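Protein chains in written order, with the working numbering: chain F, 226 to 476; chain Z, 226 to 476.
Every residue, glycine too, gets a C-beta built ideally from N, C-alpha and C.
A quick note: this is a predicted structure, and the numbers were derived from the prediction, not measured.
First up is the structure itself, then whatever we jot down about it.
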DNA sequence: ACACACTGAACAAACGTTCAGCCAAAATTA
DNA sequence: TAATTTTGGCTGAACGTTTGTTCAGTGTGT
């Protein structure tokens, strides 16, 4: 019986090369999160990736290029997460819910990755390349949210400015990310979710008010999300607060 | 006639010392906004402040200390801006409006300063000192917003979770700042204001829906805010979009 | 005459980048 | 298949530059 192709164990030379490349990008994220953008050095990256110092300039032509590729990977991961999330449900309302759930899922919304996001955003003004990379992704995301808001508004006959509503929702999630970054000990995933839901419930009461949200809107305090503030050792945590799982058919 | 004491022209040695200190902090903000956190060097700061290289280590013991003092100054400026803004009006509703107007005023909400904010936030995870400085300021601000929301809710008998509502509003403004940073050409001050107002209008309709907001809620497109996206040469722009001036007694 | 904000040359450390050499994997030949 | 050559990912020492920091000296306000 031949050994099954494990993605973790590259065989060919091209696979190995791509694996090291990814390793370097992962190490870059790690270093920026740990030491900040200013103290991120190629020495630290190569050390954390367990490769020689000169390898970074072999895979990427320069430090700047490594950073650009890291940002590109970050945006791509985010894009694929939300686009997969809204692909499953059929109703616009459920897509919006899935979008929020994805936005606060530990895979994307953990303190390590958010620190890296903010580091890049802080540098974006002085490095237009970062702006370009983000602009395209942000534009697609904004359009998706707006389309969903428009559809829900149309469905329920709400007199709501979809553009304004979508902008509000997007900004709210960005701000909640900041809260996880700056006040991790008091951040709770379900509170973040509830903050967005109360907004949606006011915009589209028929769609976002109901018994299925009782456990989010009524339930006041139940410490279960604080431990998500820090990224787990190794990789991100996959488990999620029970309050966020499923589509809400518990009651 | 003796020359009047101009704050810009220090006379005594102690005043001069404080003036150069402020000059260095201002130059630091300038450099971070222009070159980013990673490329901010003491050589650039001293050059922009038109002083010798070694002076930074004379006024501040180290580069790190200069950065901490710069962040402290930034938070203090922000704190004084919003606390002054809510001091004038008597009604909680008007305080909330003034708070928003202050939050989007060009003095505080311009791309240069916001870039610096995000640069610091991006570094906050790796430098706990930054977290401490921000935490106190953020806490006071959060309390103020929550108190105002609670008062309005009580006044109007709304069944609104003040904590949740306040958190939503704060996150929304933070997200809108990010929009100015990342998509400056399409950012408009009045749209930002309107985004928050529609949120407040849904939470507290009796307080934030009326003829006085018509020019904000109805008026669709009128390009007048895009030029605020970039900070003006010299210092910040003081002029404001007409849509944001006054308390809204136009109609 | 003293105090002290300020200068600018000098220093060691750390940075990004380069490159000649190495060796296992792939391609070629026998 | 076995032996040989070629390829290319990778190493790590070395280089020149830039960094934050120090400090003896300067000149002006007190």
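Per-residue DSSP class, three states only, for residue i
i	result
residue 454 (chain Z)	For residue 454 (chain Z), the predicted structure reports a pLDDT of 43, less than 50, and the residue's modelled location is therefore unreliable. A value from the coordinates is still provided. Coil at residue 454 (chain Z), not helix or strand.
residue 244 (chain Z)	helix
residue 313 (chain Z)	coil
residue 334 (chain Z)	coil
residue 383 (chain Z)	coil
residue 345 (chain Z)	helix
residue 305 (chain F)	helix
residue 290 (chain Z)	helix
residue 370 (chain F)	helix
residue 403 (chain Z)	helix
residue 322 (chain Z)	helix
residue 350 (chain Z)	coil
residue 433 (chain F)	helix
residue 477 (chain F)	No answer is possible for residue 477 (chain F): the residues shown for chain F start at 226 and end at 476.
residue 388 (chain F)	helix
residue 277 (chain F)	coil
residue 259 (chain F)	helix
residue 408 (chain Z)	coil
residue 442 (chain F)	Confidence is the limiting factor: at residue 442 (chain F) the pLDDT is only 49, short of 50, which leaves the residue's position unreliable and the question unanswerable from this model.
residue 448 (chain F)	Since pLDDT at residue 448 (chain F) reaches only 36, below the 50 mark, its modelled position is unreliable, and no value is offered.
First and last residue of the uninterrupted alpha helix (DSSP H) at residue i
i	result
residue 236 (chain F)	No alpha helix (DSSP H) contains residue 236 (chain F), which DSSP labels as neither H nor E.
residue 265 (chain F)	Residue 265 (chain F) -> no alpha helix (DSSP H), and no H or E assigned at all.
residue 425 (chain F)	414–428
residue 281 (chain F)	280–284
Expected contact under 8 Å - CB spacing of residue i and residue j to nearest Å
i	j	result
residue 346 (chain Z)	residue 382 (chain F)	The pair is not a contact, with the Cβ atoms about 41 Å apart (cut-off 8 Å).
residue 344 (chain F)	residue 262 (chain F)	4 Å
residue 336 (chain F)	residue 405 (chain F)	6 Å
residue 278 (chain F)	residue 271 (chain F)	5 Å
residue 300 (chain F)	residue 378 (chain F)	So it is not a contact: roughly 28 Å between Cβ atoms.
residue 549 (chain Z)	residue 358 (chain Z)	With chain Z represented from 226 up to 476, any question about residue 549 (chain Z) goes unanswered, as that position is not in the structure.
residue 246 (chain F)	residue 329 (chain F)	Going by Cβ atoms, the distance from residue 246 (chain F) to residue 329 (chain F) rounds to 30 Å, so no, they are not a contact pair.
residue 349 (chain Z)	residue 374 (chain Z)	Wrong, their Cβ atoms sit about 26 Å apart, outside the cutoff.
residue 421 (chain F)	residue 400 (chain Z)	Contact doesn't hold; Cβ gap of about 11 Å is too wide.
residue 258 (chain F)	residue 341 (chain F)	5 Å
residue 393 (chain F)	residue 424 (chain Z)	6 Å
Cβ-heavy atom distance, residue i to the ligand FAD, below 7 Å
i	result
residue 330 (chain F)	No copy of the ligand FAD occurs in the structure displayed, which carries no ligand at all.
Contact residues within the region 390–413 of chain Z, judged by C-beta distance below 8 Å to chain F = From the region 390–413 of chain Z, only 390, 392, 393, 395, 396, 397, 398, 399, 400, 401, 403, 404, 406, 407 and 408 have a Cβ closer than 8 Å to chain F.
Check distances from the C-beta atoms of the region 330–354 of chain Z to those of chain F and list, in chain order, the residues that come in under 9 Å.
-> Taking 9 Å as the upper bound on Cβ-Cβ separation, chain F lies near residues 336, 337, 339, 340, 341, 342, 343, 344, 345, 346, 347, 348, 349, 350, 351 and 352 of the region 330–354 of chain Z.
Going along the chain, which residues of the region 420–431 of chain F sit with their C-beta nearer than 9 Å to a C-beta in chain Z?
-> Identification of residues in the region 420–431 of chain F having a C-beta nearer than 9 Å to some C-beta of chain Z yields 420, 421, 423, 424, 427 and 428, given in sequence order.
Listed from N- to C-terminal order along the chain, which residues in the region 255–279 of chain Z have their beta-carbon within a distance smaller than 9 Å of any beta-carbon of chain F?
-> Of all residues in the region 255–279 of chain Z, those with a C-beta nearer than 9 Å to a C-beta of chain F are 257, 258, 259, 260, 261, 262, 263, 264 and 265, reading in chain order.
Contact list for the region 370–392 of chain Z against chain F, Cβ threshold 8 Å | Those residues of the region 370–392 of chain Z that come within reach of chain F (Cβ to Cβ, closer than 8 Å) are 386, 389, 390 and 392.
Using a beta-carbon distance cut-off of less than 8 Å, what residues from the region 354–367 of chain F approach chain Z?
-> Flagged, chain order: 356, 359, 360 and 363.
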